[in-house]
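Under the working numbering, the letters of the sequence shown match residues 23 to 219, in that order.
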Amino acid sequence: MSVFLSFLLLLLSWGSELLPDEKKTIGTYVPDVVLEDSEGRVFRIRELNRVVVLNPIYTKCTSACPLMTQGLKRAIKDLEESLVVLSLTFDPRDNPEDLRRFRQAHNLPENWYVVRSKKADSLLQAIGYRYSYNEKLGEFDHPNLYVVLTPSGKISRYLYGVNPKPRDLELAVLEAKREEVRLSPIEGFWLRCFRYN
C-alpha cells in the first residue's frame, strides 16, 4: 500500500507547476476578452449569458486535445441546451481555417465554439492555465482541464482529465447556473499532454 501511495504522491506533484491554483482562482471573474470563432464572428464571453465550459486546446494537437474534445462532447450530450462550450486555442499560429477544420473534424454541436483571441493569454492567466512549447518536439505541454464559468463570468469549478464524467459535469453546470463555486473534489489529480523519449 505504501508503494501505491508513494506513486500517487509522485504523480500528483509531477508537473504541478502547470496546474491552476484553484484556491486563488475559484470565485474570481475572467476578463471579458473579445473572441473570434471559426466563422469569423466576434463576441465576448459575458454576451453569451449562459454557463460556459472553457476548454483550452490547440488545433494541431494530435494527442490530448482531440481526446478532451471527444470526452467533453460525450459528457454534454444531455446538457447542450444549458451551456456553451468554448474551445479556446492558446496557439497564436491558429487561424480561422484551423479553427474551422478542428470544428468540422469533431462534428461539434451548435452550442460549441472553437475560438481564438488576441488576449488569450490574459484569459488563460485568469484561470491559472499555464503551458509551455517544446521546440524540439514542436508541441505544447499543457494540463488537460475544463473550466466551468457562471453566466456572469465567474470561475465556478475545474474538471481535470480528458474524459469528464457526465454526472460531474451536470453538477458543475447546475452549481454554475446558481453562481456557486467549488474546489475540485480531488484538487490536483489530473492528466497533462506531454511526450517523452
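Backbone N, C-alpha and C fix where the C-beta goes; we use that ideal spot for every residue, glycine too.
query, result
"Near tryptophan 36, which residues of its chain fall below 7 Å by C-beta distance, leaving aside the five closest residues on each side in sequence?", "Confidence at tryptophan 36 is low in this model, with a pLDDT of 40, below 50, so the placement of that residue is unreliable and no value is reported for it."
"How is the alpha helix (DSSP H) around proline 88 delimited, first residue to last?", "86-97"
"Mind checking which residues open and close the alpha helix (DSSP H) that includes threonine 50?", "Careful: threonine 50 lies outside any alpha helix (DSSP H) and carries neither H nor E."
"So, do the segment 138-156 and the segment 39-49 have three or more beta carbon pairs nearer to each other than 8 Å?", "yes"
"Would you kindly check if the distance between the Cβ of tyrosine 80 and the Cβ of aspartate 113 is under 8 Å?", "yes"
"Opposite arginine 179 in the DSSP bridges: which residues?", "Val170"
"DSSP has leucine 110 in a bridge; who is on the other side?", "Pro78 and Val137"
"For the beta strand (DSSP E) containing arginine 66, name the first residue and the last one.", "64-66"
"Is the beta carbon of leucine 171 sitting closer than 8 Å to the one on valine 73?", "yes"
"Which same chain residues, not among the five before or five after tyrosine 218, have their C-beta less than 6 Å away from its C-beta?", "Low confidence applies here, because tyrosine 218 scores a pLDDT of 43, under 50, leaving its location unreliable; read the following figure in that light. Nothing listed; no residue qualifies."
"DSSP state of glutamate 61, grouped into three classes?", "coil"
"If serine 60 and leucine 121 are in contact, beta carbons under 8 Å, what's the gap, nearest whole angstrom?", "4 Å"
"To the nearest angstrom, how far is the alpha carbon of aspartate 190 from that of glycine 160?", "34 Å"
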